[in-house]
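J.: Input: one structure, supplied below.
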Amino acid sequence: NAGVTQTPKFRVLKTGQSMTLLCAQDMNHEYMYWYRQDPGMGLRLIHYSVGEGTTAKGEVPDGYNVSRLKKQNFLLGLESAAPSQTSVYFCASSSAPGTGIDEQFFGPGTRLTVL
Amino acid sequence: AQRVTQPEKLLSVFKGAPVELKCNYSYSGSPELFWYVQYSRQRLQLLLRHISRESIKGFTADLNKGETSFHLKKPFAQEEDSAMYYCALSARGVTGGGNKLTFGTGTQLKVEL
Chain Y
78 NAGVTQTPKF RVLKTGQSMT LLCAQDMNHE YMYWYRQDPG MGLRLIHYSV GEGTTAKGEV
138 PDGYNVSRLK KQNFLLGLES AAPSQTSVYF CASSSAPGTG IDEQFFGPGT RLTVL
Chain Z
64 AQRVTQPEKL LSVFKGAPVE LKCNYSYSGS PELFWYVQYS RQRLQLLLRH ISRESIKGFT
124 ADLNKGETSF HLKKPFAQEE DSAMYYCALS ARGVTGGGNK LTFGTGTQLK VEL
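Given below as structure tokens:
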């Protein structure tokens, strides 16, 4: 099993450009999450999904959109990138509550630079 | 709203010395707390959770509800323990909230020879 994978690993954008980050998991997890990691800020939740076709806002959702058309995929979009969105983006997935397995499994991260 | 505080950005210890990484939290509900670790150039991975009351790689953490703390401890630091450590709190019990985690800002542990 590959676990949680993220595409791409690195990307450089110019201000105003758009892009989509792809997260895929092969563990049949119901829940998926997008975080950003910034120095001195830890990880902050951008958006999350509790199932196929559902999404919800996290702590820092502005400037991002997400979609979960398939259970195994969770896409994070930047419609008009800004330098403040320069960060490392992590995707994670987990089982639903009540399954006894509450660990979040993380992807390797995507390093995004917006010039 | 929940909050996790890790007061130290960097903790430097010598090999064989005891380690204590501090974590304090604020949460109105019943907390579920975790320690995640990120080794250099690797993804975040779960180290331990308070429910399990287990010891992983020699690390332990006890939930102290009176002091609202979940400090991570190890009696004898090893060089391979050098990593970034994140304390996290789960907002379990919130309807539709999933297993959302609130992370602290992290503590970089450096074990020197």
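As they're listed, the protein sequences go chains Y and Z.
Going by the numbering used here, the final residue of the first sequence carries number 192, and the count climbs one at a time with no gaps.
Going by the numbering used here, the final residue of the second sequence carries number 176, and the count climbs one at a time with no gaps.
For glycine and all other residues, C-beta sits at the position ideal for the given N, C-alpha and C.
Predicted model, so just to flag it, every value in this text is computed and none were measured.
Given a cut-off of 7 Å, decide if Thr132/Y and Ala101/Y are closer than it, judged by their beta-carbon atoms.
T.: The residue labelled residue 101/Y in the question sits at position 24 within the first sequence. The residue labelled residue 132/Y in the question sits at position 55 within the first sequence. No. Outside cutoff.
J.: Have a look at Tyr149/Z, Val82/Z, Lys72/Z and Val174/Z and flag the residue whose alpha-carbon is nearest the alpha-carbon of Glu142/Z.
T.: In the second sequence, counting from the first residue as 1, residue 142/Z sits at position 79. When each option's Cα is compared against that of Glu142/Z, the closest is Val174/Z.
J.: Mind checking if Glu180/Y is an interface residue toward chain Z, Cβ cutoff 7 Å exclusive?
T.: Looking up residue 180/Y in the first sequence gives position 103. Output row for Glu180/Y: interface = yes.
J.: Can a CB atom of chain Y be found closer than 7 Å to the CB of Gly169/Z?
T.: Residue 169/Z sits at position 106 when you count from the first residue of the second sequence. Closer than 7 Å to some Cβ of chain Y, the Cβ of Gly169/Z qualifies, so yes.
J.: Once you ignore the five residues that flank Pro81/Z on each side, which residues in its own chain have a CB closer than 8 Å to its CB?
T.: The count along the second sequence starts at 1 and reaches residue 81/Z at position 18. Excluding positions up to five away in sequence, the list reads Lys136, Lys137, Pro138, Phe139 and Ala140.
J.: Mind listing the chain Y neighbours of Lys163/Z? Cutoff is C-beta to C-beta under 8 Å, in chain order.
T.: In the second sequence, the residue the question calls residue 163/Z occupies position 100. In chain order: Tyr110, Leu122, Tyr125 and Gly135.
J.: Thinking just about the alpha-carbon of each residue, which of Gly79/Z, His113/Z and Leu172/Z is nearest to the one in Thr131/Z?
T.: By 1-based counting over the second sequence, the position of residue 131/Z is 68. Nearest of Gly79/Z, His113/Z and Leu172/Z to Thr131/Z, Cα basis: His113/Z.
J.: DSSP three-state call for Asp103/Y: helix, strand or coil?
T.: Counting from 1 along the first sequence, the entry for residue 103/Y is found at position 26. Of the three classes helix, strand and coil, the one that applies to Asp103/Y here is coil, per DSSP.
J.: How would you list, in chain order, the residues of chain Z whose beta-carbon sits under 7 Å from the beta-carbon of Ser171/Y?
T.: As a first step, residue 171/Y is located in the first sequence; it is residue number 94 there, counting from the start. The answer, in chain order, is Asn162.
J.: Output the residue ranges of the beta strand (DSSP E) runs that lie fully inside the region 97-166 of chain Y and measure 3 residues or longer, sorted by chain position.
T.: With a minimum length of 3 residues, the continuous beta strand (DSSP E) runs that stay inside the region 97-166 of chain Y are 108-115, 119-126, 142-144 and 150-155.
J.: Do Thr165/Z and Gln101/Z have their C-beta atoms closer together than 7 Å?
T.: Locating residue 165/Z in the second sequence gives position 102, where the first residue counts as 1. Locating residue 101/Z in the second sequence gives position 38, where the first residue counts as 1. No. Outside cutoff.
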